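Below is one structure; the comments refer to it alone.
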Amino acid sequence: MSCQKEIQEYWNARSGDFSEISREELESPEAGQWIEYFSGILPHPEEGKAVRVLDCGAGAGFYTVLLAEYGCRVTAVDYSQGMVEQIKEALKKRELEADVFQMNVQELHFPDNTFDAVVSRNLFWNLEEPVKAYRELYRVLKPEGVLMVSDGNFYLHLYDGRYASAREEQQRFRPAGCHDRHNEAKVDYSVMEKIAESLPLSKRQRPDWDLEQLIGLGYEEIHTEIHYYNGRIGRQLPVSFRISAKKQK
Numbered sequence: 001m002s003c004q005k006e007i008q009e010y011w012n013a014r015s016g017d018f019s020e021i022s023r024e025e026l027e028s029p030e031a032g033q034w035i036e037y038f039s040g041i042l043p044h045p046e047e048g049k050a051v052r053v054l055d056c057g058a059g060a061g062f063y064t065v066l067l068a069e070y071g072c073r074v075t076a077v078d079y080s081q082g083m084v085e086q087i088k089e090a091l092k093k094r095e096l097e098a099d100v101f102q103m104n105v106q107e108l109h110f111p112d113n114t115f116d117a118v119v120s121r122n123l124f125w126n127l128e129e130p131v132k133a134y135r136e137l138y139r140v141l142k143p144e145g146v147l148m149v150s151d152g153n154f155y156l157h158l159y160d161g162r163y164a165s166a167r168e169e170q171q172r173f174r175p176a177g178c179h180d181r182h183n184e185a186k187v188d189y190s191v192m193e194k195i196a197e198s199l200p201l202s203k204r205q206r207p208d209w210d211l212e213q214l215i216g217l218g219y220e221e222i223h224t225e226i227h228y229y230n231g232r233i234g235r236q237l238p239v240s241f242r243i244s245a246k247k248q249k
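Take the sequence shown: its letter number 135 is residue 135 in UniProt numbering, and every next letter is one higher.
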């Protein structure tokens, strides 16, 4: 049984708080670090043309705003209508332009070979059909276009005791994070943990799984950066990562 409606409702409820998180990030050194990273992987545009980028699962618009400011022609999609409204508001405040749509990334409504680059942040873990989503991103990407996926093993602790121990150790000592500080809507986070139990990537060791998908689709020039748990227990356990890859000609 699909839990797509529950996922959508959860992110609608969190959209206002995510807007505040995104605003903080855009004003932090992290924003400059991402721009530096994107400048190294995005295709060089033809003279007089902007790089056309699809931001999938755009959330409150962190990548959308960054890339629009950088000069890209951005299209942003998210399944949550609440997030879509937050993206539009963020763009309006900064006097930026982008095309923004409420859309399921597992069924994109774009022609083949449309975008020079496709990016996503913390999206795939939350999908019911991640294999289908990877195929869709490949389909809409132009030949020699660039894919960038940033994600993590956010719920592997539900199925892997090593991750459960590392997470417990980390939570004992870490300061309050942005999600702790921004929950004005009083959303019960355990709702998403319950949903995550049924999502396929909660059980997968990543980015190994993602690399298999990209290789299978025929991507080239695949590069991976992995962040590991800090602490005594989880030093060799990947917690988050980002991957860039190029579609074949």
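Yeah, the Cβ is synthetic: ideal placement off N, Cα and C, and Gly gets one too. None of the values given here were measured: they were computed from a predicted structure.
Practice item. Below 6 Å CB to CB, which residues in the same chain sit around R139 once its five sequence neighbours on both sides are set aside? Key: The count along the sequence shown starts at 1 and reaches residue 139 at position 139. Result list for R139: D112, in chain order.
Practice item. Identify the continuous alpha helix (DSSP H) that holds R162 and give its terminal residues. Key: Residue 162 sits at position 162 when you count from the first residue of the sequence shown. Per DSSP, R162 belongs to the alpha helix (DSSP H) from G161 to F173.
Check your understanding: Of all the options E220, A68 and V119, which has the alpha carbon lying nearest to the alpha carbon of R94?
Key -> Translated into positions along the sequence shown, residue 94 becomes position 94. Taking only the C-alpha atoms, the option nearest R94 is A68.
Exercise for review: Measure how close the beta-carbons of V65 and L42 come, nearest whole angstrom, since I'm counting them as under 8 Å.
Suggested key: On the sequence shown, residue 65 is found 65 positions in, with the first residue counted as 1. On the sequence shown, residue 42 is found 42 positions in, with the first residue counted as 1. Not a contact, Cβ separation roughly 16 Å.
Exercise for review: State yes or no: is the C-beta of S202 within less than 8 Å of the C-beta of A196?
Suggested key: Along the sequence shown, read from residue 1 onward, the residue named residue 202 stands at position 202. Along the sequence shown, read from residue 1 onward, the residue named residue 196 stands at position 196. Yes; because the gap between Cβ atoms is below 8 Å, this pair is in contact.
Check your understanding: Would a C-beta distance cut-off of 8 Å place M83 and F18 closer than the cut-off?
Key -> Numbered from its first residue, the sequence shown carries residue 83 at position 83. Numbered from its first residue, the sequence shown carries residue 18 at position 18. It is a contact, given that the beta carbons lie within the stated cut-off.
Exercise for review: Could you check what DSSP says for M192 in three-state terms: helix, strand or coil?
Suggested key: Indexing the sequence shown from 1 puts residue 192 at position 192. Helix, per DSSP.
Review point. Considering only residues of the same chain and omitting the five flanking positions on each side of S240, which have a CB-CB separation below 6 Å?
Key: In the sequence shown, the residue the question calls residue 240 occupies position 240. Excluding residues within five positions, the ones whose Cβ falls inside 6 Å are G152 and H227.
Review point. Could you check where the beta strand (DSSP E) with F115 kicks off and where it finishes?
Key: Here residue 115 corresponds to residue number 115 of the sequence shown, with the count starting at 1. Run containing F115: F115 to R121, per the beta strand (DSSP E) assignment.
Practice item. Would you check if the distance between the CB atom of R172 and the CB atom of H157 is smaller than 8 Å? Key: As a first step, residue 172 must be located in the sequence shown, where it is residue number 172. As a first step, residue 157 must be located in the sequence shown, where it is residue number 157. Their beta carbons are not under 8 Å apart, which means R172 does not touch H157 by this criterion.
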